[in-house]
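>
In full-length UniProt numbering, the protein residues as written are 1 to 324.
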């Protein structure tokens with residue numbers, strides 16, 4: 001089980017008229033990772049005023065803008081209701097003065113929906129790739145002409161700067177951050193507990209095989225997937241997996257394919273390919289050693305299955321990170 005032991009201080013910058021789901025959605029993802037024992041996220045909700053009324057009329061108290069930021073801290077800015085973000089407001093002015101003093105103390109910057117416009121006004125997106133809700137794309141470009149705004153994206157990652165469209169795309173981005181920080185198994189468990197569907201557009205960062213094929217609510221199939229994920233390199237027998245959920249191998253085969261779109265064998269192969277990717281990036285092992293470690297029958301099988309997913313060979317992935 002991968003976990004992130006170091007505490008991550010996650011500051012939610014909440015403005016007046018904030019969109020509630022922009023705050024609550026990502027916050028629940030991080031909190032679930034904490035509850036499941038994978039992560040050590042310390043969520044803090046701050047703002048330029050002590051009490052903010054959000055998009056559904058609920059008044060919420062937040063902490064004042066802090067004078068000091070702890071190490072290993074992220075800043076997340078949520079969106080607000082309305083056609084445009086009022087960058088001349090007193091709240092934005094206060095945020096600007098505060099950010100000028102403390103910008104260098106944050107290790108990651110994350111925007112949800114029109115929070116990207118606020119970040120752009122602070123210079124965070126200068127010469128960076130970014131995105132926002134489709135209704136604010138032109139506004140984002142006008143706020144910082146040097147920003148490289150991308151259309152039709154759920155979320156965009158450029159170094160330590162992350163941006164997402166609205167509104168539920170913030171949940172997708174939060175899940176991506178959990179996976180990146182605490183591992184694929186953690187993200188998979190959070191997604192399952194929250195009954196989240198992993199969405200990706202054709203140009204979005206790819207989902208991990210640990211998250212793919214889990215867009216269903218069949219508990220028995222999830223149990224089988226959980227068991228396989230515990231040790232994907234093991235030689236799993238269909239009879240053993242079917243016994244786990246109390247059905248026949250034939251019934252499991254049909255049930256698994258109906259809910260995931262692939263067979264158990266294909267699912268195992270996808271996880272092994274993912275493990276091989278990690279080893280290619282982090283070790284100097286030979287292809288033969290990687291194939292053996294990941295549970296493939298032989299290097300030829302590994303290369304054949306790899307070729308079904310990628311146009312370049314494993315050796316190219318080691319040198320040039322393939323666009324997944």
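For each residue, glycine too, the CB sits at the ideal point set by N, CA and C.
Following the continuous beta strand (DSSP E) through residue 59, name the residue where it begins and the one where it ends.
Reading the chain shown from its first residue, position 59 is the one you call residue 59. 59–61 is the extent of the beta strand (DSSP E) around residue 59.
> Please state whether DSSP places residue 158 in a helix, a strand or coil.
To locate residue 158, count along the chain shown from 1; it is residue 158. Here residue 158 sits in strand by DSSP.
> Excluding five sequence neighbours on each side, which residues of the same chain lie with their C-beta closer than 6 Å to the C-beta of residue 302?
By one-based count along the chain shown, residue 302 stands at place 302. Result list for residue 302: 291, 296, in chain order.
> My assumption, with CB atoms under 8 Å, is that residue 88 sits in contact with residue 115. Please give the rounded CB distance.
Sequence index remark: in the chain shown, residue 88 carries index 88 (1-based). Sequence index remark: in the chain shown, residue 115 carries index 115 (1-based). Not a contact, Cβ separation roughly 17 Å.
> With H, G and I counted as helix, E and B as strand and the rest as coil, what does DSSP make of residue 285?
Your numbering for residue 285 matches position 285 in the chain shown. Three-state DSSP puts residue 285 in coil, outside helix and strand.
> Please report how far the alpha carbon of residue 133 lies from the alpha carbon of residue 306, in whole angstroms.
Locating residue 133 in the chain shown gives position 133, where the first residue counts as 1. Locating residue 306 in the chain shown gives position 306, where the first residue counts as 1. In a straight line, the C-alpha of residue 133 is about 36 Å away from that of residue 306.
> List the whole-angstrom C-beta distance separating residue 93 from residue 18, where the pair is believed to meet the contact cut-off of C-beta under 8 Å.
As a position in the chain shown, residue 93 is number 93, starting the count at 1. As a position in the chain shown, residue 18 is number 18, starting the count at 1. Wrong, their Cβ atoms sit about 17 Å apart, outside the cutoff.
> Threshold first: 3 residues or longer. Then list the beta strand (DSSP E) segments lying entirely within the region 98–171, N to C.
108–112, 155–158, 161–164
> Considering Cα atoms alone, identify which of 127, 152, 125, 119 is closest to residue 135.
Here residue 135 refers to the residue found at position 135 of the chain shown. Out of 127, 152, 125, 119, 152 has the C-alpha closest to the C-alpha of residue 135.
> Quick check on residue 53: does DSSP put it in helix, strand or coil?
Indexing the chain shown from 1 puts residue 53 at position 53. Correct three-state label for residue 53: strand.
> Residues in the same chain with beta-carbon distance under 7 Å from residue 268, minus the five sequence neighbours each way, listed in chain order, please.
Reading the chain shown from its first residue, position 268 is the one you call residue 268. Around residue 268: 228, 232, 236.
> Please classify residue 159 as buried or exposed, where buried requires at least 16 other C-beta atoms within 10 Å of its C-beta.
Position 159 of the chain shown, counted from the start, is the residue given in the question as residue 159. Exposed is the call here.
> Under three-state DSSP, which class holds residue 44?
Within the chain shown, the letter at position 44 stands for residue 44. Correct three-state label for residue 44: strand.
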